[in-house]
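Participant: Pasting a structure here, questions to come.
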Amino acid sequence: MSKFTRFVVAGAGNLGVFIIQELVKLKKQGKIDSVVVLTRSKDATENETALRLGGKPTNINYSRPDQLAHALKDVHCVISTLSAYDAEFEKDITHACKAMEVNLFVPSEFGLPKISQLRSRKDGVKRYFEEIKQPYAVFYTGMFPDLIFTPYAGFNWDDGKVRIGGSGDQPASFTSRSDIARYVVHVLTELSADELENKTFLIEGERISFNAIFSGWEARTGRTLEITRMPRSELERASPINLGAHLFLEIDNGNGTVGPPEETNLYYPEWKPKKVLQVLLG
Numbered sequence: 000m001s002k003f004t005r006f007v008v009a010g011a012g013n014l015g016v017f018i019i020q021e022l023v024k025l026k027k028q029g030k031i032d033s034v035v036v037l038t039r040s041k042d043a044t045e046n047e048t049a050l051r052l053g054g055k056p057t058n059i060n061y062s063r064p065d066q067l068a069h070a071l072k073d074v075h076c077v078i079s080t081l082s083a084y085d086a087e088f089e090k091d092i093t094h095a096c097k098a099m100e101v102n103l104f105v106p107s108e109f110g111l112p113k114i115s116q117l118r119s120r121k122d123g124v125k126r127y128f129e130e131i132k133q134p135y136a137v138f139y140t141g142m143f144p145d146l147i148f149t150p151y152a153g154f155n156w157d158d159g160k161v162r163i164g165g166s167g168d169q170p171a172s173f174t175s176r177s178d179i180a181r182y183v184v185h186v187l188t189e190l191s192a193d194e195l196e197n198k199t200f201l202i203e204g205e206r207i208s209f210n211a212i213f214s215g216w217e218a219r220t221g222r223t224l225e226i227t228r229m230p231r232s233e234l235e236r237a238s239p240i241n242l243g244a245h246l247f248l249e250i251d252n253g254n255g256t257v258g259p260p261e262e263t264n265l266y267y268p269e270w271k272p273k274k275v276l277q278v279l280l281g
């Protein structure tokens, strides 16, 4: 085991809440000692969420090194779930981790290794923690099916209408947030420090194309979807300014998976993640 028992989670948002829940479960079982959640002082919702989940909220100004240092004192592992738009703060967190001798830093890389709307910022953070030799573990998880398949993103299942870009034939990696949290927390608490440090973990609940998802949905529901497709030419014109177009174009280019199948879902044989249709239809 890693013997990491004191955890800090930066952010209590879309993914953070699930990771906090899993850590709190282990704390209640006596397997870890503490779950501290870094929240921004002006965000009362984050504080309330952390308390409701059973974590200990600590108000932080990420630009204040003294506050970060105090929050990370005697911490074993820091997990960042900050959004891509907050990636700039991860350098501050990384610097504090190094200064306070935190054993392991998990950056908010969750997603796809070759696709990001803010890839340059993420790459900058990764270069920084490699440069200062802060031990890290990166998790690539694919897209979140419990988050992206919404009417806002073009998937109106109730009305039977969906909209995608490209052919829809290329496979992509999908993992639900609850499954991501279970895997991440298991690995961080069960693997040795040597197995974790400076390693990249690839996971996916399912590798499947959009067209296969649509066909499966129709077979399960007995309904026919009205599918609108944006051609590649339009995606190319809109990318990278339009983030949705950029994502579909990269998937159409074959960059929608986390990596080779034989390198995914290692180290946790009991992990049984949900398939996409299980997430969508139960």
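Those letters in the sequence shown? Residues 0 to 281, by numbering that gives the first Met the number 0. The beta carbon of each residue, even a glycine, is placed where N, CA and C say it ideally should be.
Excluding five sequence neighbours on each side, which residues of the same chain lie with their C-beta closer than 6 Å to the C-beta of phenylalanine 352?
Facilitator: Given a span of 0 to 281 for the chain in the structure shown, any question on residue 352 remains unanswerable.
Participant: Consult DSSP for tyrosine 127 and reduce its assignment to one of helix, strand or coil.
Facilitator: Here residue 127 refers to the residue found at position 128 when the sequence shown is read from its first residue. The answer is helix: DSSP assigns tyrosine 127 an H, G or I state.
Participant: Classify asparagine 62 as buried or exposed, calling it buried when 16 or more other Cβ atoms lie within 10 Å of its own Cβ.
Facilitator: Your numbering for residue 62 matches position 63 in the sequence shown. Before going further, note that residue 62 is serine rather than asparagine in the sequence given. Residue burial is scored here from C-beta neighbours: serine 62 has fewer than 16 other C-beta atoms within 10 angstroms and is therefore classed as exposed.
Participant: So, is alanine 95 buried or exposed, given that buried needs 16 or more other C-beta atoms within 10 angstroms?
Facilitator: On the sequence shown, residue 95 is found 96 positions in, with the first residue counted as 1. With 16 or more other Cβ atoms within 10 Å, it is buried.
Participant: Look at the alpha carbon of glutamate 89 and the alpha carbon of proline 106, and state the distance between them as a whole number of angstroms.
Facilitator: Taking the sequence shown and counting its residues from 1, the one referred to as residue 89 is at position 90. Taking the sequence shown and counting its residues from 1, the one referred to as residue 106 is at position 107. Near 7 Å, if we compare the C-alpha coordinates of proline 106 and glutamate 89.
Participant: Starting from glutamate 205 and walking both ways along the beta strand (DSSP E), at which residues does that stretch end?
Facilitator: Along the sequence shown, one-based indexing puts residue 205 at 206. Residues 205 to 208.
Participant: From what residue to what residue does the beta strand (DSSP E) around asparagine 254 run?
Facilitator: Start at 1 with the first residue of the sequence shown, and residue 254 comes out as number 255. For asparagine 254, there is no enclosing beta strand (DSSP E), as DSSP gives it neither H nor E.
Participant: Which class does serine 107 belong to by DSSP, given the choice of helix, strand or coil?
Facilitator: Residue mapping note: residue 107 aligns to position 108 of the sequence shown, counting from 1. Correct three-state label for serine 107: coil.
Participant: Quick one: using the 10 Å Cβ neighbour count with 16 as the cut-off for buried, is glutamine 277 buried or exposed?
Facilitator: Counted from its first residue, the sequence shown places residue 277 at position 278. With fewer than 16 other CB atoms across the displayed protein chains lying within 10 angstroms of its CB, glutamine 277 is exposed.
Participant: DSSP three-state label for phenylalanine 148, please.
Facilitator: Locating residue 148 in the sequence shown gives position 149, counting from the first residue. Collapsing the DSSP output to three states places phenylalanine 148 in coil.
Participant: In angstroms, rounded to a whole number, what distance separates the CA positions of serine 191 and methionine 229?
Facilitator: Taking the sequence shown and counting its residues from 1, one reaches residue 191 at position 192. Taking the sequence shown and counting its residues from 1, one reaches residue 229 at position 230. If you take the alpha carbons of serine 191 and methionine 229, they lie about 47 Å apart.
Participant: Where histidine 75 and aspartate 193 are concerned, what is the direct C-alpha to C-alpha distance, given to the nearest angstrom?
Facilitator: If you number the sequence shown from 1, residue 75 lands on position 76. If you number the sequence shown from 1, residue 193 lands on position 194. Going from the Cα of histidine 75 to the Cα of aspartate 193 covers about 14 Å.
Participant: Measure the C-alpha to C-alpha separation of glutamate 21 and isoleucine 92 and round it to an integer number of angstroms.
Facilitator: Here residue 21 is taken as the residue at index 22 of the sequence shown, counted from 1. Here residue 92 is taken as the residue at index 93 of the sequence shown, counted from 1. Linking glutamate 21 to isoleucine 92 through their CA atoms gives a straight-line distance of about 22 Å.
Participant: I need the straight-line Cα distance from glutamine 133 to glycine 215, nearest angstrom please.
Facilitator: Within the sequence shown, residue 133 is the residue found at index 134, counting from 1. Within the sequence shown, residue 215 is the residue found at index 216, counting from 1. Going from the Cα of glutamine 133 to the Cα of glycine 215 covers about 44 Å.
Participant: Contact defined as beta carbons within less than 8 Å: I believe tyrosine 182 pairs with valine 257. What is the distance between those atoms, to the nearest angstrom?
Facilitator: Taking the first residue of the sequence shown as position 1, residue 182 is located at position 183. Taking the first residue of the sequence shown as position 1, residue 257 is located at position 258. At roughly 12 Å, the Cβ-Cβ gap does not stay under 8 Å, so tyrosine 182 and valine 257 are not in contact.
Participant: At a threshold of 7 Å, does aspartate 157 count as lining the ligand SAH (C-beta to nearest heavy atom)?
Facilitator: Although the ligand SAH was asked about, the structure shown includes no ligands whatsoever.
Participant: Going by DSSP, what residue range makes up the beta strand (DSSP E) through arginine 39?
Facilitator: Against the sequence shown, residue 39 aligns to sequence position 40. Per DSSP, arginine 39 belongs to the beta strand (DSSP E) from 33 to 39.
Participant: On a Cα-Cα basis, can you pick out the residue from Leu195, Ile179, Phe17 and Pro259 that is closest to glycine 110?
Facilitator: If you number the sequence shown from 1, residue 110 lands on position 111. Comparing Cα positions, the closest option is Ile179.
Participant: What are the boundary residues of the alpha helix (DSSP H) that serine 232 is part of?
Facilitator: Numbered from 1 along the sequence shown, position 233 holds the residue referred to as residue 232. First-last of the alpha helix (DSSP H) with serine 232: 231 to 237.
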